[in-house]
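Peer 1:
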Amino acid sequence: MPADAPTILATSGGAGAHERLRWGVAPLTDLAVELSGVSGRAPKVTFLGTACGDDAGLIRDFYNAAQDRGFHASHLQLFTMPNVEDITAHLLEQDVVWVWGGSVAGLLAMWRLHGVDEAMRSAWEAGVVLTGVSAGSLCWHVGGTTDSFGPQLRPITNGLGFLPWSNGVHYDNELQRRPLFQSLVADGTLPAGYATDDGAGLLYRGTEMVGAYAELDGAGAYFVERGPDGAAVETELEVTRLR
């Protein structure tokens with residue numbers, strides 16, 4: 003059952019501490035499943051760990067977390083070869099696509115090499131809910147800030163561009179994130195965009211940001227644009243608390 007409009011939930015969260023597992027599903031990912039409109043059966047959720055090189059331990063952790071939450075789980079890996087014959091068909095069969103963090107530069111390169119970028123667009127347009135954390139948030143936007151190239155954050159400007167905005171992740175957690183994101187918007191390297199503290203997410207219907215959500219107390223979301231004087235202007239958004 004597809005969502006009633008192309009839907010992306012771009013987050014700096016979605017996974018959290020679990021008493022028995024390495025990590026478990028957190029409220030932002032539960033929201034993504036809810037947005038898919040599934041009822042009467044287990045939601046079909048596929049996981050992409052491309053940005054972490056399809057780490058086998060990470061994929062195992064996903065299956066454990068998905069089983070705990072009652073998802074019908076699958077994954078799409080690209081290393082050392084794709085694990086499914088038809089990537090587009092696989093994505094279109096899902097209710098939710100969950101993209102993990104890591105190197106967004108590596109993710110984009112591998113997705114384009116294997117046609118995952120166009121497959122994702124087909125799934126998005128068909129109403130499959132796209133969600134993800136960090137690199138799995140940045141990728142849907144025009145660009146943002148990344149540590150893909152080293153410990154000093156740099157801009158990335160070749161995102162998929164499903165959303166015509168820039169994106170700042172981990173906005174409150176790394177000292178470089180906020181000032182660099184603002185300076186890149188101010189100088190025109192990045193378009194105006196939205197940023198999330200750890201534990202917050204942004205809901206887009208089509209290309210419009212329609213709501214900000216948080217699974218952690220105090221986590222915020224922000225809109226950053228270039229003001230008339232050329233300086234960045236940050237506006238804190240109203241956030242719906244999920245706990």
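Residue numbers (this note's numbering): 3 to 245. Just so it is clear, CB atoms sit at the ideal spot from N, CA and C, and this is done for glycine as well.
Given this structure, state the Cα-to-Cα distance separating E87 from G108, to the nearest angstrom.
Peer 2: Working through the sequence shown from its first residue, we reach residue 87 at position 85. Working through the sequence shown from its first residue, we reach residue 108 at position 106. Rounded to the nearest angstrom, the two C-alpha atoms are 22 Å apart.
Peer 1: Spell out the partners DSSP gives S168 in its beta bridges.
Peer 2: Residue 168 sits at position 166 when you count from the first residue of the sequence shown. S168 pairs with G145 and G195.
Peer 1: Starting from G108, trace the alpha helix (DSSP H) in both directions and tell me its first and last residue.
Peer 2: Numbered from 1 along the sequence shown, position 106 holds the residue referred to as residue 108. Unbroken alpha helix (DSSP H) run through G108: V106 to H116.
Peer 1: Count the other CB atoms, across all protein chains shown, that sit within 10 Å of the CB of G51; report buried if there are 16 or more and exposed otherwise.
Peer 2: Within the sequence shown, residue 51 is the residue found at index 49, counting from 1. It is buried - the Cβ of G51 has at least 16 other Cβ atoms within 10 Å.
Peer 1: Whose C-beta lies closer than 7 Å to the C-beta of L94 among residues of the same chain, with five residues either side of it excluded?
Peer 2: Within the sequence shown, residue 94 is the residue found at index 92, counting from 1. Within the same chain, L94 has close Cβ partners S124, A125, A128 and V130.
Peer 1: Identify which residue in Y173, V106 and G117 has its Cα closest to the Cα of P142.
Peer 2: As a working mapping, residue 142 is identified with position 140 in the sequence shown. Looking at the sequence provided, one finds Trp at residue 142 rather than Pro. Of the listed residues, the one whose Cα sits closest to W142 is V106.
Peer 1: Would you check if the stretch 16 to 23 and the stretch 169 to 183 touch, i.e. whether three or more CB-CB distances between them fall below 8 Å?
Peer 2: no
Peer 1: Ends of the beta strand (DSSP E) at E227?
Peer 2: Residue 227 sits at position 225 when you count from the first residue of the sequence shown. Where E227 is concerned, the enclosing beta strand (DSSP E) stretches over A223 to R228.
Peer 1: Apart from the five residues just before and just after A137, which ones in its own chain have a Cβ nearer than 6 Å to its Cβ?
Peer 2: Along the sequence shown, read from residue 1 onward, the residue named residue 137 stands at position 135. A53, G103, G104, V106 and L109.
Peer 1: Can you tell me which residues form a DSSP beta bridge with M83?
Peer 2: Here residue 83 is taken as the residue at index 81 of the sequence shown, counted from 1. M83 is not bridged to any residue.
Peer 1: If contacts are defined as beta-carbon pairs under 8 Å, then A223 and V241 qualify, I think. What distance do you get, rounded to the angstrom?
Peer 2: What you label residue 223 is simply residue 221 of the sequence shown in a count that begins at 1. What you label residue 241 is simply residue 239 of the sequence shown in a count that begins at 1. 6 Å between Cβ atoms; contact.
Peer 1: I think A194 touches L204, with their Cβ atoms under 8 Å apart; what is that distance to the nearest whole Å?
Peer 2: The residue labelled residue 194 in the question sits at position 192 within the sequence shown. The residue labelled residue 204 in the question sits at position 202 within the sequence shown. About 13 Å; that fails the 8 Å criterion.
Peer 1: Could you give the residue range of the beta strand (DSSP E) that holds F151?
Peer 2: Within the sequence shown, numbered from 1, the residue matching residue 151 stands at position 149. Per DSSP, F151 belongs to no beta strand (DSSP E) and is neither H nor E.
Peer 1: Determine the direct distance from the alpha carbon of N66 to that of L27, and round the result to whole angstroms.
Peer 2: Mapped onto the sequence shown, residue 27 falls at position 25. Mapped onto the sequence shown, residue 66 falls at position 64. Residue identity check: residue 27 is Val in the sequence provided, not Leu. When the Cα atoms are used, V27 and N66 turn out to be separated by approximately 10 Å.
Peer 1: Compare the C-alpha of H92 against each of S76, W167 and M83 and name the closest.
Peer 2: Within the sequence shown, residue 92 is the residue found at index 90, counting from 1. If we check each option's Cα against that of H92, S76 comes out closest.
Peer 1: I believe L33 touches L244 by the beta-carbon criterion, under 8 Å. Please report the beta-carbon distance rounded to the nearest angstrom.
Peer 2: In the sequence shown, counting from the first residue as 1, residue 33 sits at position 31. In the sequence shown, counting from the first residue as 1, residue 244 sits at position 242. Contact between L33 and L244 is confirmed by a C-beta separation of about 6 Å, below the 8 Å threshold.
Peer 1: Going by the DSSP bridge assignment, what does W100 pair with across the sheet?
Peer 2: Position 98 of the sequence shown, counting from 1, holds the residue named residue 100. Partner(s): F49 and T133.
Peer 1: The alpha helix (DSSP H) with P181 in it runs from where to where?
Peer 2: By 1-based counting over the sequence shown, the position of residue 181 is 179. It spans R179 to A188 - the alpha helix (DSSP H) in which P181 sits, taken as one unbroken run.
Peer 1: Less than 9 Å between the beta carbons of A5 and G42, yes or no?
Peer 2: Numbered from 1 along the sequence shown, position 3 holds the residue referred to as residue 5. Numbered from 1 along the sequence shown, position 40 holds the residue referred to as residue 42. Going by C-beta atoms, A5 is not nearer than 9 Å to G42.
Peer 1: Ends of the alpha helix (DSSP H) at R71?
Peer 2: To locate residue 71, count along the sequence shown from 1; it is residue 69. A58 to R71 is the extent of the alpha helix (DSSP H) around R71.
Peer 1: State yes or no: is the C-beta of F246 within less than 9 Å of the C-beta of W100?
Peer 2: A question about residue 246 goes unanswered here, because the residues of the chain that appear run from 3 up to 245.
Peer 1: Pull up the distance between the alpha-carbon of P84 and that of A58, whole angstroms please.
Peer 2: Locating residue 84 in the sequence shown gives position 82, counting from the first residue. Locating residue 58 in the sequence shown gives position 56, counting from the first residue. C-alpha separation (whole angstroms): 14 Å.
Peer 1: Who are the Cβ neighbours of A216 in its own chain at under 6 Å, not counting the five residues just before and after it?
Peer 2: What you label residue 216 is simply residue 214 of the sequence shown in a count that begins at 1. Around A216: G201, A202, V241 and R243.
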